[in-house]
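First residue of the sequence shown: 50, per my numbering; consecutive thereafter.
Just below is one structure, and these are the notes that go with it.
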Amino acid sequence: MTAVRSVRVGDVVFGAGGKIALIAGPCVIETLDICRRAAEGICRVRDALGVPVVYKCSYRKDNRSSPDHYEGPGLDEGLEVLAKIRSEFDLPVLSDVHTPAQVGPAAEVLDILQIPAYLSQQTELLRTAAASGVPVNVKKGQFIAPEDMAGTVKKIEAAGGRGILLTERGSSFGYRNLVVDFRSLQILARHGYPVVFDVTHSVRVYGTPSADPAGGTPEHIPLLARCAAAAGCDALFIETHPEPSEALCDAASQLRLSDLEGLLRRVLAIHEARLEGERIEEG
């Protein structure tokens with residue numbers, strides 16, 4: 050079995066073989082107030098359960114299916130919001146970068162740079178993100194086999210990056226649906242870095258507007274999260290919103306913030322049972 054090196058982001062450690070970590074927050078920055086409400090709720094869950102947390106929110110969604118759909122405030126205003134969240138709540142923050150030009154400004158604020166799934170093989174973007182010295186979370190493209198993420202990892206390593214996270218977010222099944230092959234979590238771990246499971250993007254129904262109730266199947270979020278914990282992921286990625294039905298992006302797939310603690314309690318119980326089973330096998 051390949052040893053998985055840990056990645057530290059502030060007080061959050063991914064891949065240490067102990068606590069499961071959480072990356073959570075709204076899909077996209079809508080207002081500072083919504084971001085604060087989400088951060089407050091996430092911090093309450095963190096403190097109640099002892100879960101290490103990174104706050105995520107996109108300053109821009111660059112892959113909306115229509116030019117009429119909300120994209121976010123953009124780089125400058127978005128980074129200002131994330132800097133406030135980082136300072137006010139003492140949370141590491143994560144957001145997407147879409148072009149090499151965004152990496153420099155983003156790296157001054159963000160604790161993790163995220164490469165979107167559609168861009169997970171973009172060589173210049175990967176190299177520039179790696180050279181920033183900031184840890185990089187790469188979403189595995191829906192069109193890529195987990196084995197083939199080896200090339201992405203090598204690109205980042207060749208540019209000096211060692212703080213790498215690899216995120217599974219489902220694979221294309223036909224034109225619109227995603228399926229999750231939980232073998233992927235173990236296969237991704239063979240690349241030597243911590244593995245994250247993106248629960249909420251895995252329940253999106255692509256090609257259907259995310260504001261349409263048919264644009265996601267959030268009823269499957271608890272099942273997928275429990276399966277990922279049983280399969281041994283190092284962290285969960287969960288988009289959560291105070292009122293998902295009112296969200297300006299991914300309204301049909303975000304988890305209601307008030308449901309986060311209950312979900313994580315069940316996930317943590319499975320995670321602890323898995324660790325205990327591994328201890329019994331080893332001893």
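Heads up, the beta-carbon is just placed ideally off N, CA and C, and yes, glycines get one too.
Only a predicted model underlies this, so the values are computations on that prediction, with no experimental measurement involved.
Assigned secondary structure, residue i (DSSP; H/G/I helix, E/B strand, else coil)
| i | result |
| --- | --- |
| G182 | coil |
| G265 | strand |
| Q163 | strand |
| L297 | coil |
| T42 | The structure shown does not extend to residue 42, since the chain is modelled only from 50 through 332, so no value can be given for it. |
| V142 | strand |
| T257 | coil |
| T172 | helix |
| H320 | helix |
| H290 | strand |
| R305 | strand |
| E137 | helix |
| G153 | helix |
| E120 | coil |
| A52 | coil |
| D125 | helix |
Beta-carbon spacing of residue i, residue j below 8 Å
| i | j | result |
| --- | --- | --- |
| V56 | P195 | no |
| P141 | G59 | yes |
| L124 | R109 | yes |
| S251 | L273 | yes |
| G256 | R218 | no |
| S302 | R239 | no |
| H290 | A284 | no |
| V202 | I213 | yes |
| A132 | V152 | no |
| L71 | L317 | no |
| I319 | L304 | no |
| D339 | H147 | In this structure the chain extends from 50 to 332, so residue 339 is not present and cannot be described. |
Per DSSP, cross-strand counterpart(s) of residue i
| i | result |
| --- | --- |
| A284 | A70 and V245 |
Inter-residue CB distance, residue i and residue j (contact presumed, cutoff 8 Å)
| i | j | result |
| --- | --- | --- |
| T216 | D247 | 5 Å |
| R323 | G281 | 6 Å |
| V102 | I91 | 6 Å |
| Q171 | S144 | Not confirmed; about 17 Å, so no contact. |
Short CB-CB distance (under 8 Å) between residue i and chain C
| i | result |
| --- | --- |
| L304 | No chain C is present in this structure, which holds just one protein chain. |
Discussion item. I'd like the ranges of any beta strand (DSSP E) spanning at least 3 consecutive residues and lying wholly in the stretch 56 to 108.
Written reply: 56 to 58, 61 to 63, 70 to 74 and 102 to 105
Fill in: Runs of beta strand (DSSP E) wholly within the stretch 188 to 227 (minimum 3 residues, chain order)
213 to 217 and 220 to 222
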